[in-house]
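Enquirer: This structure is in structure tokens; I'll ask about it shortly.
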Amino acid sequence: MPWCIMHGLLTAMTQAFASRGFRQQWGHLRTCGPDSTPDISIVCTVLRLAVCCWPYCSVALPLDDALSYSNRVSVVEAEATTSRPTDDGGRRYEGDHVPYSPWIVIRAWYESALGVSCPSTPLVRPATGLNTDEAKYFKSRQPKAAAALAAYLAKQHSGFSTASQPSVAFTSSGGGDRALLATAGVVQALDGRDGSFSTSGIFQGLTYEGGLSGGAWFLSSLSGNNWPTISNLRDGLWESAFAASLLLPANIMNLDMYPELVADVVAKDAAGFDATIVDPWGRLLSYQLLYGANGGQETRLSSLTSYSNFTSFNVPYPIMTALGVDKSSQGQCAPTLSATQYEFSPYEYGSWDQGVSAFASTKYMGSDLTNGVPTRSGRCTQHYDNLGYVLGTSSDIFTFACAPLMPSNSSNAYLANFLQGVLSGGNKRPEFQDLFGVYPNPFYHYSRSTTVQNEKLITMADGGLASQNVPIWPFIQPARTIDVLIANDNSADTVDNFPNGTQIRQTYLNAQAAGLTKMPYIPDVPEFISKGLAKRATFFGCNEPDTTFIIYLPNVAYTFPSNQTTNKIQYSVSETNGMINNGNLVATQNGDAGWGLCFACGIKARETNLPKECAACFTKYCYTR
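Here the sequence shown stands for residues -18 to -1, 1 to 607, numbered as in mature numbering (1 follows the signal peptide of the UniProt record, and there is no 0).
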């Protein structure tokens, strides 16, 4: 097809997206080039993808990517043939291409209009207990986790009871690639499959695992690849991906997948869904975090339930978090300190918080619902829950483009001033929702969800924007019987990018306000600093038997400067290894000979009959008022 006709058709079909102000505001960027500094490279990358070039693509695209939302949003499997045989699962070879055609965009719209049949089970439920499928997973997972904990405890001391074991969860903070790599090191030292440490085997004893922003990147890379070892991810994916980061200005314009990412944005918009800056952002991240053709394009959050390690109950149940933003509040561009905490898991997404107090099916995310019932009788949407889009939502820092903000601890908070400067050069701002992860509201006209029941879309942003950068919230809910929470804090609270307790202190304050009594007392920042609690492991809840016992593991630079800036987007192979190795030492407390036993004492702290050696551990690690 002649280029001019192609351009005209694509422009017409995507006029709604373009009219929202993206090209007018951001197409003029001159700071995005090979000489751009790393401080603005993420913005340059995403703006190029979302704004500058996608209406003009008339190049050959991989077939699967051109169809795009046949695998993600367009809800019906699209069929096409090539002259070559397909590989396993009916997928086309990565080299098979078809010309980009506007008919693909039209088909995406057509398939969206048809939808798929809805399940017989309810799509929305009140937040009055655990999801049935999650509860079944926990019931099957707990015996395996208990056996692993018993083995670890027996290795540390013969005096630990192995009759019953607590439910133990692990959660990791935001902080960009710093958080991802530091968390990876901690998890590697907890994983009995991957090395020999004093803490090896604890990971096999976990029932839940959480993450937000950079921590969600780690969790997505781990779970989205069927829970391999950290060594596998490091050697097979991360070392090369982080050394030649796709987010660098010098790399982005040379990407072979550039038109494929562009096609995703066009197809999603044509399918009737709002494409935002989070779409290309999430896809770029996926290329660095997920194995598989085209950056794990077909990996969905709900598809984790079909992975072998999940179906065998070998791994902790994964939960990622993001924050709601009230778009009805004039001038509010970022979550407030009391923002709604949303969580995403393979079975459902939603919030325990008052004002939402409901959950919806992850598999049927994107469906048009009214009062929990399909608006179009019996017709639903599938494949909206692209894992890249969810992890991109959890790390969406582009709310900074909306208005000046207070300093925050979210991923890449450094972008605030730059984005504000970019937008001030235009005649008008983009629409509010263009800067967020947006989701068709499953709680529309749902009586329990008073805060969002009149909104057609839910807008979400980085899970760490409201000074709760360590995702503890899901694990202090009464419905989840979490006894022990291992909290790895890689926040950048200080000027030199170390944590100082700000984040978990805010969670304590919010928990008090919400009546969540399972959160133990956390001291204020001055006391946190004066007692050195950010420089070593700390036990919180030692004298509060009705709370969740928190084993706090802050980022400390033992053998490598692990306080890298959040905006650092390129890590050499040696830096990647240095960060992971330092994370090992965070988990083992710099190889402290007694820490393995003390960790075990922390896990069993709620029991009364403990080895006598635990007394010294509690004296050393317990926080007391």
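Using N, Cα and C, we set each Cβ at its ideal position, and we do this for glycine too.
Please report how far the alpha carbon of Ala249 lies from the alpha carbon of Trp209, in whole angstroms.
Expert: Each residue's Cα considered, the two are about 31 Å apart.
Enquirer: Please look up how many angstroms separate the CB atoms of Gly576 and Phe531, rounded, as I've assumed it's under 8 Å.
Expert: Contact doesn't hold; Cβ gap of about 19 Å is too wide.
Enquirer: Would you be able to state if there are at least three C-beta pairs under 8 Å between the stretch 460 to 472 and the stretch 143 to 161?
Expert: Yes, the stretch 143 to 161 touches the stretch 460 to 472.
Enquirer: Could you have a look at Ser349 and say whether DSSP puts it in helix, strand or coil?
Expert: Residue state, collapsed to three classes: coil.
Enquirer: Taking only three categories from DSSP, how would you classify Val247?
Expert: Helix.
Enquirer: Leu135 and Ala582 look like a contact to me (Cβ under 8 Å); what is the Cβ gap, rounded to whole Å?
Expert: Their Cβ separation, rounded to whole angstroms, is 5 Å, which keeps Leu135 and Ala582 in contact under 8 Å.
Enquirer: Do you know whose CA, among Asp506, Asp478, Pro460, lies nearest Thr529's CA?
Expert: It is Pro460.
Enquirer: In the DSSP assignment, find the beta strand (DSSP E) that holds Gly332 and state where it starts and stops.
Expert: 330 to 333 is the span of the beta strand (DSSP E), which, as asked, contains Gly332.
Enquirer: Assuming Gly306 contacts Thr322 (C-beta within less than 8 Å), just tell me the rounded distance between them.
Expert: That belief holds up - the Cβ atoms of Gly306 and Thr322 are roughly 4 Å apart, short of 8 Å.
Enquirer: Output needed for Asp17: all residues of its chain with C-beta closer than 6 Å, excluding positions within five of it in sequence on either side, in chain order.
Expert: The predicted model places Asp17 with a pLDDT of 42, which falls under 50 and marks its position as unreliable; any figure quoted below should be read in that light. So the list is empty, once near-sequence residues are dropped.
Enquirer: Which residue's Cα is closest to the Cα of Ser554: Phe224, Thr144, Glu589?
Expert: It is Phe224 whose Cα lies nearest to the Cα of Ser554.
Enquirer: Nearest CA to the CA of Ala316: which residue from Ala275, Ala519, Leu447, Leu439?
Expert: Nearest C-alpha to Ala316: Leu447.
Enquirer: With H, G and I counted as helix, E and B as strand and the rest as coil, what does DSSP make of Pro241?
Expert: Helix.
Enquirer: For Gln323, name the three-state secondary structure that DSSP assigns.
Expert: Gln323 falls in the strand class under three-state DSSP.
Enquirer: When we look at the beta-carbon of Ser339 and count the other beta-carbons within 10 Å, is it buried (16 or more) or exposed?
Expert: Classification of Ser339: buried, given that the 10 Å Cβ count is 16 or more.
Enquirer: Tell me whether the beta-carbon of Lys513 lies closer than 8 Å to the beta-carbon of Val538.
Expert: Result no, Cβ atoms of Lys513 and Val538 do not sit closer than 8 Å.
Enquirer: If you measure between the beta carbons of Leu229 and Gly370, is that distance less than 8 Å?
Expert: In this structure, Gly370 does not lie closer than 8 Å to Leu229 by Cβ.
Enquirer: What is the DSSP secondary structure of Pro386, reduced to helix, strand or coil?
Expert: In this predicted model, Pro386 has a pLDDT of only 48, less than 50, meaning its place in the structure is not dependable; the value taken from the coordinates is given anyway. Coil at Pro386, not helix or strand.
Enquirer: Less than 8 Å between the CB atoms is what I'm expecting for Tyr426 and Pro505, so what's the real figure, rounded?
Expert: About 42 Å; that fails the 8 Å criterion.
Enquirer: For Tyr331 versus Thr352, is the C-beta distance shorter than 8 Å?
Expert: No, Cβ-Cβ distance for Tyr331 and Thr352 is not below 8 Å.
Enquirer: Where does Asp217 land, buried or exposed, given buried means 16+ other C-beta within 10 angstroms?
Expert: Exposed, since its Cβ has fewer than 16 Cβ neighbours within 10 Å.
Enquirer: Ile259: which of Thr433, Val420, Gln488, Asn563 sits nearest, CA to CA?
Expert: Closest option to Ile259, Cα to Cα, is Val420.
Enquirer: Between the stretch 166 to 177 and the stretch 272 to 280, do three or more beta carbon pairs fall short of 8 Å?
Expert: The answer is no - the stretch 272 to 280 does not touch the stretch 166 to 177, with fewer than three Cβ pairs under 8 Å.
Enquirer: I need the DSSP call for Asp159, collapsed to helix, strand or coil.
Expert: In the structure shown, Asp159 sits in a helix (DSSP, three-state: H, G or I).
Enquirer: Give the straight-line distance between the Cα atoms of Gln336 and Ala109, rounded to the nearest whole angstrom.
Expert: Their Cα atoms are separated by approximately 10 Å.
Enquirer: By DSSP, does Ser143 sit in helix, in strand, or in coil?
Expert: Coil at Ser143, not helix or strand.
Enquirer: Taking the beta carbon of Val452 as the centre, do at least 16 other beta carbons fall within 10 Å, making it buried, or is it exposed?
Expert: So Val452 ends up on the buried side.
Enquirer: Straight-line CA distance for Ile486 to Val98?
Expert: Ile486 and Val98: Cα-Cα distance of roughly 43 Å.
Enquirer: Going by C-alpha distance, which of Ser213, Phe480, Thr189 is nearest Tyr299?
Expert: Cα-wise, what sits closest to Tyr299 is Thr189.
Enquirer: State yes or no: is the C-beta of Ala569 within less than 8 Å of the C-beta of Leu172?
Expert: In contact: Ala569 and Leu172 (Cβ atoms closer than 8 Å).
Enquirer: Where does Glu280 sit, in a helix, a strand or coil, going by DSSP?
Expert: Looking at Glu280 - three-state DSSP - the assignment turns out to be coil, as it is neither helix nor strand.
Enquirer: Might you give, ordered along the chain, the residues of its own chain that have their beta carbon closer than 7 Å to the beta carbon of Thr281, omitting 5 neighbours on each side?
Expert: The answer, listed in chain order, is Gly206, Leu272, Gly274, Leu369.
Enquirer: Beta-carbon within less than 7 Å of Gly354's beta-carbon, same chain only, minus the 5 sequence neighbours each way: which residues are those?
Expert: The answer, listed in chain order, is Pro104, Leu105, Val106, Tyr428.
Enquirer: Cβ of Met302 less than 8 Å from any chain E Cβ?
Expert: Among the protein chains of the structure shown there is no chain E, as only one such chain exists.
Enquirer: Identify the continuous beta strand (DSSP E) that holds Phe341 and give its terminal residues.
Expert: Here the beta strand (DSSP E) through Phe341 covers 340 to 343.
Enquirer: Between the C-alpha atoms of Leu567 and Pro502, what's the straight-line distance to the nearest angstrom?
Expert: Roughly 26 Å separates the two Cα atoms.
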